[in-house]
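Heads up: take any position in the sequence shown, counting from 1, add 25, and you land on this note's numbering.
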Amino acid sequence: MSEFQAYLQLGFEHITDSKGYDHILFIMALCTVYTLMDWKKVTILVTAFTIGHSVTLALSTLGLVNIDPAVIELLIPVTILITASLNFFYKEKKTTYAKQGTTYTARYPLALFFGLIHGLGFSNYLRALLGKEADIINPLLGFNIGLELGQLVIVFIVLTIAFVLIEILRITKLTWVHILSGIIAGMSLSLIINNEFLQNSL
């Protein structure tokens with residue numbers, strides 16, 4: 026296995042690892058209001074998030090940006106809570122399944138901005154893996170592509186579950202959005218409350 030492939034696998038495993046579920050929660054919150062029929066919108070949304078975390082992942086790994094990891098670990102669940110909370114403003118259209126969904130243009134720049142924060146979180150892990158390694162271009166590229174592939178898998182799973190529940194089991198989309206967003210918001214709030222940096226600051 027080449028160095029590139031090794032870091033691609035590490036990137037994929039990092040974002041899909043249930044032990045570090047904060048990034049998974051964010052991706053879930055981001056695509057909760059969408060269905061498989063909205064794959065173009067979701068692709069743009071995830072791409073915006075990818076651009077954001079790619080920028081700070083590169084800058085931080087190269088040592089050009091340095092922010093206290095403890096602060097980042099607090100900000101990440103905050104981004105999850107905000108994203109999940111915004112989902113409660115979703116209004117279901119009285120149309121067919123294929124036409125359901127609302128385009129929230131504000132979600133795209135928000136995904137980009139929050140991606141910048143998550144990228145700093147990814148970089149902490151990548152820098153620990155790299156150590157004093159001189160060549161970081163291949164590891165950085167491989168790791169980032171691995172993250173992207175992992176994101177797409179998470180998105181596909183969430184949208185597929187939504188399709189089954191809404192289209193086959195006939196659960197209303199609004200119910201799905203509210204239940205999943207409520208669970209995500211609750212879990213992110215727990216992460217915030219139990220955050221070490223926040224507790225030490227109080």
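Even for Gly, the Cβ is constructed at its ideal location relative to N, Cα and C.
Every value quoted in this text rests on a predicted model; they were computed, and no experiment measured them.
Residue from the options whose Cα sits closest to the Cα of residue i
i      : options                           : result
Lys198 : Ala73, Tyr115, Leu151 and Gln224  : Tyr115
Thr72  : Leu184, Leu177 and Arg195         : Leu177
Leu135 : Lys44, Val180 and Leu111          : Leu111
Ser172 : Met26, Ser27, Glu28 and Ile52     : A small fix is needed here, since residue 172 is Leu in this sequence, not Ser. Cα-wise, what sits closest to Leu172 is Ile52.
Ile49  : Val90, Asn91, Leu174 and Leu154   : Leu174
Leu55  : Asn220, Phe37 and Ser206          : Ser206
Leu87  : Ser215, Asp160, Ala210 and Pro102 : Asp160
Val202 : Asn225, Gly36, Leu184 and Phe139  : Leu184
Glu28  : Thr108, Asn219 and Leu155         : Leu155
Closer than 9 Å to chain B by CB, residue i
i     : result
Ile40 : Although the question refers to chain B, the structure presented lacks it and comprises just one protein chain.
Whole-number beta carbon distance between residue j and residue i, since they are thought to touch under 8 Å
i      : j     : result
Ser43  : Ser85 : No, Ser43 and Ser85 are not in contact; Cβ-Cβ is about 24 Å, not under 8 Å.
Tyr133 : His39 : So it is not a contact: roughly 24 Å between Cβ atoms.
Contact test: residue i Cβ vs the ligand ZN heavy atom, cutoff 8 Å
i     : result
Asp42 : In terms of ligand content, the structure shown is empty, and the ligand ZN therefore cannot be addressed.
**Study point:** Any 3 or more C-beta pairs closer than 8 Å across the segment 43 to 61 and the segment 183 to 194
**Key:** yes
**Study point:** Stretch-stretch touch, CB-based, cutoff 8 Å, three pairs: the segment 71 to 80 with the segment 132 to 148
**Key:** yes
Review point. Per the contact definition of three or more C-beta pairs closer than 8 Å, is the segment 30 to 48 in contact with the segment 151 to 169?
Key: Yes, since at least three Cβ pairs between the segment 151 to 169 and the segment 30 to 48 fall closer than 8 Å, the two stretches touch.
Review point. What are the start and end residues of each continuous alpha helix (DSSP H) run of 4 or more residues lying completely inside the segment 41 to 80, in chain order?
Key: 47 to 56
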